[in-house]
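A quick write-up on the structure given underneath.
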């Protein structure tokens, strides 16, 4: 029996092992535009935020020109130049298909912009698997719950019938800010002790564990 009608997933660090490419792309972008190169841990810690929120956290206050230079350099690196692989985590495809077969609605709430999200949905063949999605340029950045509010409204699902699944404190805080149930995964950017600060239903160590919780 389904516990939740709607399961909402973060993307980077939750479904796709893309954090390594995010880190190396951001560092290469900094070099390209002549900025101080951020430490890997600093970049990891902004994964999940919109770039509009993330870039000033990494590089300090930016005027519009500086922001656009970093933004374009990062996107060029991530999409075209950086060779770091971005595979799906183990068990993601099979778990998503099992959830769909059980009748769950599936959605994505991500720090990616719409163009980037559409690209990875097409590349993974998941475009038809998710019933709705929101990118960072379509709502306020996590941990503001606007993405979740929009998804609930679009799919006509009551709050108590939805759960958020993510790897970062921003995912957990976003759900907590709305009073939505949440499940952390421990293979992404933030470790279990950080995720547990936001009282998730559980912090799981494999996608298989998710099936028993939702």
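In this note's numbering, the protein residues as written are 1188 to 1401.
Virtual Cβ for every residue (Gly too), placed ideally from N, Cα, C.
Predicted model only: the values in this text are computed from it and were never measured.
Starting from residue 1472 and walking both ways along the beta strand (DSSP E), at which residues does that stretch end?
-> The structure shown does not extend to residue 1472, since the chain is modelled only from 1188 to 1401, so the question has no answer here.
Among residues of its own chain, excluding the 5 on either side of residue 1382, which ones have a beta-carbon nearer than 6 Å to its beta-carbon?
-> Taking the first residue of the chain shown as position 1, residue 1382 is located at position 195. So the list reads 1359, 1371, 1390, once near-sequence residues are dropped.
So, residue 1278 versus residue 1355, is the Cβ gap smaller than 8 Å?
-> For the purposes of this step, residue 1278 is taken as residue 91 along the chain shown, with counting starting at 1. For the purposes of this step, residue 1355 is taken as residue 168 along the chain shown, with counting starting at 1. Cβ atoms of residue 1278 and residue 1355: not closer than 8 Å.
Output yes or no for whether 8 Å exceeds the beta carbon distance between residue 1264 and residue 1212.
-> Numbered from its first residue, the chain shown carries residue 1264 at position 77. Numbered from its first residue, the chain shown carries residue 1212 at position 25. Yes.
Residue 1325 to residue 1305 span [Cα, whole Å] | For the purposes of this step, residue 1325 is identified with residue 138 of the chain shown, where counting begins at 1. For the purposes of this step, residue 1305 is identified with residue 118 of the chain shown, where counting begins at 1. Cα to Cα, residue 1325 sits roughly 13 Å from residue 1305.
The region 1228 to 1244 in contact with the region 1268 to 1278 per 3-pair CB rule at 8 Å | no
Simplified DSSP assignment, three categories, for residue 1369 | Translated into the one-based positions of the chain shown, residue 1369 becomes position 182. Strand.
Between residue 1328 and residue 1288, what straight-line distance do the alpha-carbon atoms span, to the nearest angstrom?
-> On the chain shown, position 141 is the one that residue 1328 refers to. On the chain shown, position 101 is the one that residue 1288 refers to. Approximately 31 Å between the Cα atoms of the pair.
Secondary structure at residue 1246, three-state DSSP: helix, strand or coil?
-> For the purposes of this step, residue 1246 is taken as the residue at position 59 of the chain shown. In this structure, residue 1246 counts as helix in the three-state DSSP scheme.
In whole angstroms, what is the alpha-carbon distance linking residue 1252 and residue 1363?
-> Position 65 of the chain shown, counted from the start, is the residue given in the question as residue 1252. Position 176 of the chain shown, counted from the start, is the residue given in the question as residue 1363. For residue 1252 and residue 1363, the distance between alpha carbons rounds to 35 Å.
Is it buried or exposed for residue 1397, if we count other Cβ within 10 angstroms and need 16 for buried?
-> Counting from one through the chain shown, the residue named residue 1397 turns up at place 210. Answer is buried; the Cβ neighbour count reaches 16.
May I have the straight-line CA-CA distance separating residue 1334 from residue 1223, to the nearest angstrom?
-> To locate residue 1334, count along the chain shown from 1; it is residue 147. To locate residue 1223, count along the chain shown from 1; it is residue 36. So the alpha carbons of these two residues sit roughly 32 Å apart.
Quick one: residues in its chain with C-beta nearer than 6 Å to the C-beta of residue 1385, no 5 flanking neighbours on either side, listed in chain order?
-> What you label residue 1385 is simply residue 198 of the chain shown in a count that begins at 1. 1359, 1360, 1363, listed in sequence order.
Collapsed DSSP secondary structure at residue 1195 in the structure displayed = Locating residue 1195 in the chain shown gives position 8, counting from the first residue. Of the three classes helix, strand and coil, the one that applies to residue 1195 here is strand, per DSSP.
Spell out the partners DSSP gives residue 1334 in its beta bridges.
-> Along the chain shown, read from residue 1 onward, the residue named residue 1334 stands at position 147. Partner(s): none; residue 1334 has no beta bridge.
Within 8 Å, strictly: CB atoms of residue 1206 and residue 1401 | Against the chain shown, residue 1206 aligns to sequence position 19. Against the chain shown, residue 1401 aligns to sequence position 214. Cβ atoms of residue 1206 and residue 1401: not closer than 8 Å.
What residue ranges within the region 1290 to 1337 form continuous beta strand (DSSP E) runs of no fewer than 3 residues, ordered along the chain?
-> 1292 to 1296, 1319 to 1321
Per-residue DSSP class, three states only, for residue 1233 | As a first step, residue 1233 must be located in the chain shown, where it is residue number 46. DSSP places residue 1233 in coil when its eight states are reduced to three.
What do you get for residue 1266, buried or exposed, if any count of 16 or more other CB atoms within 10 angstroms of its CB means buried?
-> For the purposes of this step, residue 1266 is identified with residue 79 of the chain shown, where counting begins at 1. Exposed is the call here.
Can you tell me which of 1198, 1395, 1248 puts its alpha carbon nearest to the alpha carbon of residue 1299?
-> One-based indexing of the chain shown puts residue 1299 at position 112. Answer by Cα proximity: 1198.
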